[in-house]
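Accompanying notes for the structure given below.
In the numbering used here, the protein residues as written are 4 to 292.
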C-alpha cells in the first residue's frame, strides 16, 4: 500500500467514526429564546385587506382617479393598517411605563425622552411623535406616573378612534361618489346600506348593487354608451326601451320596475312623514317653553 492510499484510508475511517458518533450521541436541543410578538391578529387582518385592495386596484389598470372606488379602498386599507401598527407601538410604550423603575427598558425610555431631540431616530421619539399626532401629550409624565393597563388601553383606543373618525369624515366630504351618503362614521359599526335583512345569500348579493347605485358606480346603458367607440352601444334602457337609462330613469321612471318601486317609495314617504311630524312636534315644544 502506497502512502496516498494509506492517507485516503485514514480519511475514510475518520469520516465513518464521525458519522457513528453523530448517530450515537444525543442531539443537542437548541436554546430558543421567546420572541416578542409583533404580528397580532388585527395587524395580520389589516395586511391581508390591504393586499387584496392593492391587487384589485392593480388588476383594474391602476386607476389614477382619486375618486375611483378601488383607489379609495386602497387608501382606506392603508390607513387601517397604519392605525393597527400605531396601536401596537403605543401600547408597547404603555407596558414599558408600567415596568419597574430599575428595569433596563424603563431607564432607557427615561433617558431617551429627556435628552433626545424631535429629529432623533430613537424609537421612543418616534412613539412620542405618534402620541402627539393622536393628542396624547407629555409621555414623560405617563412614564413617571403610569396608568393602569386598562386605563392606558382605554385612553389610546379613544384617542386613535377620535383621530381617524374625524379624518375619514373630513376626507369623505371631498369625494363626489359619497355626496348622497351620510358622512357620519362610527368605527366598528356597519353602514346601513351594507347590512342585510336576512343572513341568506340572496340578500347578501344585493349589498354590492346598493352600494354601487348610491355611490354612482353602477354601470348603466348611458355609461356604456359614453365609453363605446363609434356609438356602437345605445344608451336606451333595455327594460322599457323608451328613454336613456340614467340613474333617475332607473330609480324613478322606468315602467318595468314600477311594481318593485311603488312599495319602496311608499315606505320612504311614510317614514319621511313620520320623521317630519316628530321634528315638528319637538319644535313646537321648544317654542312653547
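Ideal Cβ placement from N, Cα and C applies to all residues, glycine included. None of the values given here were measured: they were computed from a predicted structure.
Cut-off 6 Å between Cβ atoms - residues of its own chain near residue i, not counting five sequence neighbours on either side
i           : result
residue 130 : 92, 96
residue 221 : 215
residue 60  : 73, 77
residue 21  : none
residue 39  : Note on residue 39: pLDDT 48, under 50, position unreliable in the model; the coordinate value appears next. If we look at residue 39 and ignore the five residues flanking it on each side, it has no Cβ neighbours.
residue 270 : none
Where residue i sits in the DSSP three-state scheme
i           : result
residue 249 : coil
residue 208 : helix
residue 66  : coil
residue 147 : helix
residue 294 : Coverage of the chain is limited to positions 4 through 292, which leaves residue 294 absent and any answer about it impossible.
residue 196 : helix
residue 97  : helix
residue 287 : helix
residue 229 : helix
residue 89  : helix
residue 292 : coil
residue 218 : coil
residue 79  : helix
residue 275 : helix
residue 182 : coil
residue 190 : coil
residue 258 : helix
residue 171 : helix
residue 50  : helix
residue 39  : Low confidence applies here, because residue 39 scores a pLDDT of 48, under 50, leaving its location unreliable; read the following figure in that light. Looking at residue 39 - three-state DSSP - the assignment turns out to be coil, as it is neither helix nor strand.
residue 138 : coil
residue 176 : coil
residue 223 : coil
residue 234 : coil
residue 201 : coil
Burial state of residue i (16 or more Cβ within 10 Å)
i           : result
residue 218 : buried
residue 212 : exposed
residue 124 : exposed
residue 127 : buried
residue 77  : buried
residue 279 : exposed
residue 193 : exposed
residue 337 : With the chain covering 4 to 292 only, the question about residue 337 has no answer from this structure.
residue 18  : exposed
residue 254 : exposed
residue 289 : exposed
residue 139 : buried
residue 157 : exposed
residue 80  : buried
residue 182 : exposed
residue 75  : buried
residue 144 : exposed
residue 232 : exposed
residue 152 : exposed
residue 267 : exposed
residue 252 : buried
residue 121 : exposed
residue 133 : buried
residue 245 : exposed
residue 135 : exposed
residue 204 : exposed
residue 230 : exposed
residue 84  : buried
residue 53  : buried
Residues sharing a beta bridge with residue i, DSSP
i           : result
residue 239 : 247
Beta-carbon proximity list for residue i, same chain, < 7 Å, skipping 5 on both sides
i           : result
residue 113 : 146
residue 257 : 240, 242, 243
residue 109 : 99, 102, 103
residue 87  : 45, 46, 49
residue 210 : 197, 199
residue 137 : 162, 163, 166
Residues near residue i by beta carbon distance below 8 Å, same chain, minus five either side
i           : result
residue 190 : 164, 167, 168
residue 224 : 236, 237, 238, 239, 240, 241, 247, 248
residue 179 : 70, 219
Interface flag, residue i vs chain B, CB-CB below 8 Å
i          : result
residue 70 : The structure shown contains no chain B; it is built from a single protein chain.
Legend entry - Complete alpha helix (DSSP H) runs within the stretch 101–125 (minimum length 4 residues, chain order): Qualifying alpha helix (DSSP H) stretches, in chain order: 107–118.
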